[in-house]
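Those letters in the sequence shown? Residues 1303 to 1617, per my numbering, in order.
Written below as structure tokens is the structure these notes are about.
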Amino acid sequence: MYDMKLLERWAEFNRQKWGCRAVIRSFQAPGSNSRCESLFFFNRRGKLYLPPLNPYHPTLFHPTPTSKPHRLSSQWHEVAAQMILEMRASMGSAGFCLPPEFTDVRPFIWQGFEGRVKYTYYLEFPFRLENASGEIRGRIKRAASEGYYAKRTTNMNEVHSCLIGTETRQGFSHQLSLEDLELAQELLGEEAFRCYVCYSREGEPVSASVVLMLDPDRPQGWIAGSKVEHLSKGVVQLLQSVLLQDLSDLGMKGFDFAGANIPSVAKSKAPWGAYLVPYYLIKKPVFKDVLRVTWNWWRFGRFKRRFTQTKTPSG
């Protein structure tokens, strides 16, 4: 369950970094003791959106004490109806990402919203390296044999230098300065903003990964980066194994890899033995969605025609 104090601090980081308005909303149906709390982000036009580097809108559901599935379902539907009132008033073209634990999006669909499925990988603890693929284990052995080692760090210069390595190699930007990393560390604290670095034999930081512990039971990956000249040595895999083992030793329930929606990203996360878990993006239908559906139908029809033409005639 999300820590509300940490969510307030995370909201403040997003306010300062992205210039958005971040508010924790509470929703409760009249006459009901169940409630829901969610971190809503609003852009400069006052529309609901999700800032960069946020996989979900952190949301907590507080039902009344009950073990009956139908009661839990009805209570969720009651608070979801209250959420929908807020979302109707403030949602633009961007969507609202529910965390993976929210699997019932029918209240939103019944009210005309679109529920798009997305995916993440979730690894249950205790962490067991033997559940990872042989390729992963082989890369870890290679990195260790060449003198690489990994551990936690509070030095944001080390983390930032590794992020720059990935940005240079892939031609994009995390949009995170050294000062941004230091701000997040100051606001969240070193325990909730956990940074890990892999070092060369000479002590050079070569790969870094940052974990957010907004939910103390379910930490999630945030950002990562590596220097290109060390990538083939298994440094990413060594770092990830040390990170996962550390979180497991702390008694966490599991780790959310926070996204598996890009083929190359999914390919790098799947071999760790995690479960593929869906989560949902709630959107208000807009004209762009009509164009997207039309485009997908055209692509499907084009592929079907090509497939039909290339089939070998029977007989």
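Ideal Cβ placement from N, Cα and C applies to all residues, glycine included.
Query	Result
Rounded C-alpha distance that separates Gly1617 from Pro1353	With a pLDDT of only 42 at Gly1617, under the threshold of 50, the placement of this residue in the model should not be trusted; the figure read from the coordinates follows. In a straight line, the C-alpha of Gly1617 is about 58 Å away from that of Pro1353.
Beta-carbon proximity list for His1379, same chain, < 7 Å, skipping 5 on both sides	Pro1409
Outcome for Tyr1527 when other beta-carbon atoms lying within 10 angstroms are tallied against a minimum of 16	A small fix is needed here, since residue 1527 is Gly in this sequence, not Tyr. Result: buried.
Residue closest to Phe1637, alpha-carbon to alpha-carbon, out of Gly1333, Phe1363, Ala1324 and Leu1516	In the structure as shown, the chain starts at 1303 and stops at 1617, and residue 1637 therefore has no counterpart that could be examined.
Proximal residues to Pro1565 (C-beta, below 6 Å), its chain only, five neighbours per side dropped	none
Min CB distance Val1325 to chain C below 7 Å	In the displayed structure, chain C is absent; only one protein chain is listed.
Nearest-angstrom beta carbon gap, Leu1516 and Gln1494 [assumed within contact, 8 Å]	The question names Gln, but residue 1494 is Ala in the sequence shown. With 8 Å as the limit, Ala1494 and Leu1516 qualify as a contact, their Cβ atoms being about 7 Å apart.
Paired residues, beta bridge with Ile1426 - DSSP	Checking the sequence shown, residue 1426 turns out to be Glu, not Ile. Bridge partners of Glu1426: Gly1556.
Whole-angstrom distance between Trp1312 and Pro1580, CA atom to CA atom	24 Å
Spatial distance of Leu1355 from Gly1449 (CA atoms)	32 Å
Distance CB(Gly1436)-CB(Leu1583) smaller than 7 Å	no
Bridge partners - Phe1329, DSSP secondary structure assignment	Cys1338
Rounded C-alpha distance that separates Ser1376 from Glu1484	43 Å
Same chain, Cβ closer than 6 Å to Met1385, five either side skipped, listed in chain order	Phe1329
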